[in-house]
Amino acid sequence: MRRSFSGPARWDPFEEIRRTQERLNQLFEDFMPMEEWGGGKVYTPAIDIKDEDDKLVVTTDLPGINKEDVQINLKEDMLEISAKTRKEKETEEEEGYLRRERAYTQFYRAVRLPASVKEEGSTAKIENGVLTITLPKMQMEESTKKIAIE
Numbered sequence: 001m002r003r004s005f006s007g008p009a010r011w012d013p014f015e016e017i018r019r020t021q022e023r024l025n026q027l028f029e030d031f032m033p034m035e036e037w038g039g040g041k042v043y044t045p046a047i048d049i050k051d052e053d054d055k056l057v058v059t060t061d062l063p064g065i066n067k068e069d070v071q072i073n074l075k076e077d078m079l080e081i082s083a084k085t086r087k088e089k090e091t092e093e094e095e096g097y098l099r100r101e102r103a104y105t106q107f108y109r110a111v112r113l114p115a116s117v118k119e120e121g122s123t124a125k126i127e128n129g130v131l132t133i134t135l136p137k138m139q140m141e142e143s144t145k146k147i148a149i150e
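If you use this note's numbering, the sequence shown corresponds to residues 1 to 150, in order.
Shown next as structure tokens:
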């Protein structure tokens, strides 16, 4: 049996760049998942819900978003968080050459809350890219009724 030697494999730098780009895309997708929603890409940030006796505390990361760009809706036991931001930057590189860059970011997340909450007394704040929503729970009145046996 005779073996043939084809020589060392050729390294393709463009293939290496493509594979690295795929790995980076997957890494960013794991960090900030995106979904197709309404014809475009929308970030669906992770949400933490903490049950603290008489209230629920909801936190989510919204990096680079100002409070004016965030909308929070409460519909029965569903909490909706949406945000849109648009940034434009224009610079003059050399005489006569302009560069204009635009960035559009959308966030949307809806979650079912584990308990009934009331709008009155609810608060929300955004600090260092983290949105924190505090929702007071509804107090269920437990009224015991006795039924007489005939």
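The beta-carbon is built from N, C-alpha and C at its ideal position, and this holds for glycine as well.
Under DSSP, the beta strand (DSSP E) around residue i begins and ends at which residues?
i, result
"Glu80", "Met78 to Glu94"
"Glu52", "Ile47 to Glu52"
"Asp69", "Where Asp69 is concerned, there is no enclosing beta strand (DSSP E), given that its DSSP letter is neither H nor E."
"Pro136", "Val130 to Pro136"
Do residue i and residue j have their CB atoms nearer than 8 Å?
i, j, result
"Leu62", "Leu113", "no"
"Ile72", "Ala124", "yes"
"Val70", "Ile126", "yes"
"Lys151", "Asp54", "For residue 151 there is no data in the structure shown, the boundaries of the chain being 1 and 150."
Using the C-alpha atoms, what's the distance from residue j back to residue i?
i, j, result
"Thr45", "Lys118", "The sequence shown places Pro at residue 45, not Thr. Distance between the alpha carbons of Pro45 and Lys118 is about 24 Å."
"Thr105", "Leu74", "22 Å"
"Gly129", "Lys50", "19 Å"
"Arg10", "Arg23", "22 Å"
"Glu92", "Arg86", "20 Å"
"Tyr43", "Val58", "17 Å"
"Ala115", "Tyr108", "21 Å"
"Asn25", "Ile17", "12 Å"
"Ile47", "Glu90", "34 Å"
"Thr60", "Arg19", "31 Å"
"Glu101", "Glu94", "16 Å"
I believe residue i touches residue j by the beta-carbon criterion, under 8 Å. Please report the beta-carbon distance rounded to the nearest angstrom.
i, j, result
"Leu131", "Ile81", "7 Å"
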